[in-house]
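Note that the protein sequences, when read in sequence, are chains A and B.
Reminder that position 118 of the first sequence reads as 118 in this note's numbering, one-by-one numbering, no gaps.
Take the position in the second sequence, starting the count at 1, then add 213; the result is the number in this note's numbering.
For glycine and all other residues, C-beta sits at the position ideal for the given N, C-alpha and C.
Input: a single structure, listed below in structure tokens.
There are 2 protein chains.
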Amino acid sequence: MNYSKHDIAQLDERFRAQLINSLSGFKSANLIGTKDKDGLENLSIVSSVFHIGSNPPLIGMIIRPHSVPRHTLENIKQTGGYTINHVNREIFTAAHQTSARYEKEQSEFKEVGLTSCYLNNFIAPYVLESKCKMAIELRSLQTLELNQTELVIGEIVDIHLDDKQAVTSDGHIDLNSLDTVALSGLDAYHTAESLGRLKYAKPDQDIEFLDKK
Amino acid sequence: MNYSKHDIAQLDERFRAQLINSLSGFKSANLIGTKDKDGLENLSIVSSVFHIGSNPPLIGMIIRPHSVPRHTLENIKQTGGYTINHVNREIFTAAHQTSARYEKEQSEFKEVGLTSCYLNNFIAPYVLESKCKMAIELRSLQTLELNQTELVIGEIVDIHLDDKQAVTSDGHIDLNSLDTVALSGLDAYHTAESLGRLKYAKPDQDIEFLDKK
């Protein structure tokens, strides 16, 4: 099955959105918690959160300015802080529901049945039901000229994990033990099953498993 | 379990790399195929490929300039083209092995036992064993000032899928049918199990499954 550049350009807009969104592979599923300067809370699901670096600990996300997370972007600009909360198996339908176009005055927490909570005096609300939550301070905001989306980069300044056992002795987090889900395309949710961890690869050595499941 | 900003700064470098790399959630696993101006092929696994937009079809990735994919970056600068190939269950150990620090003269294709192939006269090599392959033309390259990593953005100009059935009637690609794997952290590979697809969310409507697995 082949789609040429010409084929892609000719596709129906919705079909293309589904197809192209599926092509990057599996994606993270995160809820972004924010509050505006008047204290109004907002929550939106984002599938574009990605790792940028460990030292300093930087994490990025792409937000389309006219899409549902626009209130999220406005709030981040106002307060400089937001939370990232892993979506897990118990809350993925509620998480997806945050993508509905609620009015600015409506709190998605209340509308979808998730609980906001505040930790260590951070300005933005966390999702209580999430088992992996982070506080993020905005470090950089830029408009990508190619398609006018916003690249938001922040620094991870606080990490909360429900299960201490989820962190292995070398620092790796076992996302399965936190029930974290993966997204594909616009709307397909998945749990993951481990194939195992692989050792650091070296040119003169065959690949080995750190553990074998 | 809580890691404060202070705790994060104090962590051992390798522990922090494992921890922070795990925090964004599940990641895509892709092989990037390139060729330099003299025809020398290169292949490297990248976990930072992410969706940027559907129209035009844009896809991004983060590359650390001094890391193993540095040859990839050099080749992309030289030729302006690269391929993205989904890592699947049959090839994930070989894919991981491309992260070893081979010399510039060594082809990772040969070293790890994957097969390069050329399709529709595109300049960069594909991975024959991958079931979802794309040709990408470089559109933008920038250094992120916060940590000197490179943000590479390209346009998807050709798509090859092994299984026609993988594309559903609305354009969504069933990644499970292509055996595409997900990554977490630096080295943990996973297959995915579908929880189902959810309908487009509306404020006044309960969430519904498009399909229920």
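Is the beta carbon of residue i less than 8 Å from the beta carbon of residue j?
i	j	result
ALA94 (chain A)	GLY113 (chain A)	yes
HIS172 (chain A)	LEU411 (chain B)	no
SER257 (chain B)	THR285 (chain B)	yes
SER237 (chain B)	SER28 (chain A)	yes
ASP371 (chain B)	MET347 (chain B)	yes
TYR189 (chain A)	PHE50 (chain A)	no
SER261 (chain B)	LEU146 (chain A)	no
THR180 (chain A)	HIS86 (chain A)	yes
ILE156 (chain A)	ILE59 (chain A)	yes
GLU342 (chain B)	THR328 (chain B)	yes
HIS279 (chain B)	LEU332 (chain B)	no
PHE26 (chain A)	PHE422 (chain B)	no
ALA379 (chain B)	LEU391 (chain B)	yes
ASP206 (chain A)	GLY196 (chain A)	no
Exposed or buried, which one is residue i when buried takes at least 16 other CB atoms within 10 Å?
i	result
MET1 (chain A)	exposed
GLU321 (chain B)	buried
LYS213 (chain A)	With a pLDDT of only 49 at LYS213 (chain A), under 50, the local geometry of the prediction cannot be trusted, and no value is derived from it.
PRO282 (chain B)	buried
LYS131 (chain A)	buried
THR356 (chain B)	exposed
ALA192 (chain A)	buried
LYS202 (chain A)	exposed
ARG229 (chain B)	buried
GLY252 (chain B)	exposed
ALA222 (chain B)	exposed
SER54 (chain A)	buried
SER184 (chain A)	buried
HIS219 (chain B)	exposed
ASP225 (chain B)	exposed
Among the options, which residue has its Cα nearest to the Cα of residue i?
i	options	result
ILE153 (chain A)	A:ALA100, A:ARG101 and A:ILE63	A:ILE63
ASP383 (chain B)	A:GLU90, A:LYS110 and A:LEU186	A:LEU186
PRO270 (chain B)	A:GLN18, A:PRO57, A:LYS77 and A:ARG101	A:GLN18
SER99 (chain A)	A:LYS5, A:VAL46 and A:GLU208	A:VAL46
ASP417 (chain B)	A:TYR102, A:ALA182 and A:GLN165	A:TYR102
PRO42 (chain A)	A:ASP211, A:LYS104 and A:ASN55	Here residue 42 (chain A) is Asn; the residue named in the question, Pro, does not match the sequence. Of the candidates A:ASP211, A:LYS104 and A:ASN55, the one whose C-alpha sits nearest the C-alpha of ASN42 (chain A) is A:LYS104.
ASN389 (chain B)	B:TYR413, B:ARG302, B:ASP419 and B:GLU324	B:ARG302
ILE76 (chain A)	A:ALA182, A:GLU137, A:GLU13 and A:ALA166	A:GLU137
ARG427 (chain B)	A:SER194, A:TYR3, A:MET61 and A:TYR200	This structure cannot speak to residue 427 (chain B), because chain B is shown only from 214 to 426.
TYR3 (chain A)	B:LYS218, B:SER407 and B:LYS377	B:LYS377
ASN243 (chain B)	B:GLN291, B:MET274 and B:CYS330	B:MET274
Under 9 Å, CB to CB, which of the residues in the region 97 to 124 of chain A have a partner in chain B? So the close ones are GLN97, THR98, SER99, ALA100, ARG101, TYR102, GLU103, GLN106, GLU111, VAL112, LEU119 and ASN120.
Is the region 332 to 341 of chain B touching the region 243 to 250 of chain B in the sense that three or more CB pairs, one from each, lie closer than 8 Å? Result yes; three or more Cβ-Cβ pairs closer than 8 Å.
Listed in chain order, which residues of the region 382 to 395 of chain B have Cβ atoms closer than 7 Å to some Cβ of chain A? Flagged, chain order: ASP383, GLY384, HIS385, ILE386, LEU388, THR393, VAL394 and ALA395.
According to a CB-to-CB cut-off of less than 9 Å, which residues of the region 152 to 164 of chain A neighbour chain B? For the region 152 to 164 of chain A, the set of positions with a beta-carbon nearer than 9 Å to some beta-carbon of chain B reads ILE153, GLU155, ILE156, VAL157, ASP158, ILE159, HIS160, LEU161, ASP162, ASP163 and LYS164 in chain order.
Mind listing which residues of the region 50 to 80 of chain A have their C-beta closer than 7 Å to chain B's C-betas, in chain order? So the list reads PHE50, HIS51, ILE52, GLY53, SER54, ASN55, PRO56, PRO57, LEU58, ILE59 and ILE62, given in the order they occur along the chain.
Mind checking the region 7 to 34 of chain A against chain B and listing, in chain order, the residues whose C-beta falls within less than 9 Å of any C-beta there? For the region 7 to 34 of chain A, which is checked against every Cβ of chain B, the residues closer than 9 Å are ASP7, ILE8, ALA9, LEU11, ASP12, GLU13, ARG14, PHE15, ARG16, ALA17, GLN18, LEU19, ILE20, ASN21, SER22, LEU23, SER24, GLY25, PHE26, LYS27, SER28, ALA29 and ASN30.
Along the region 83 to 95 of chain A, what residues have a CB closer than 9 Å to any CB found in chain B? Using a CB distance below 9 Å, the part of the region 83 to 95 of chain A facing chain B consists of ILE84, HIS86, VAL87, ARG89, PHE92, THR93 and ALA94, ordered along the chain.
What are the residues in the region 35 to 50 of chain A lying within 8 Å of chain B by C-beta distance? Those would be SER47, SER48, VAL49 and PHE50, in chain order.
Between the region 340 to 352 of chain B and chain A, which residues of the former have CB atoms less than 8 Å from a CB of the latter, in chain order? For the region 340 to 352 of chain B, the set of residues with a beta-carbon nearer than 8 Å to any beta-carbon of chain A comprises CYS345, MET347 and ARG352, in chain order.
Of the residues that make up the region 395 to 411 of chain B, which ones have a beta carbon closer than 9 Å to any beta carbon in chain A? So the close ones are ALA395, LEU396, SER397, GLY398, LEU399, ASP400, ALA401, TYR402, HIS403, THR404, ALA405, GLU406, SER407, LEU408, GLY409, ARG410 and LEU411.
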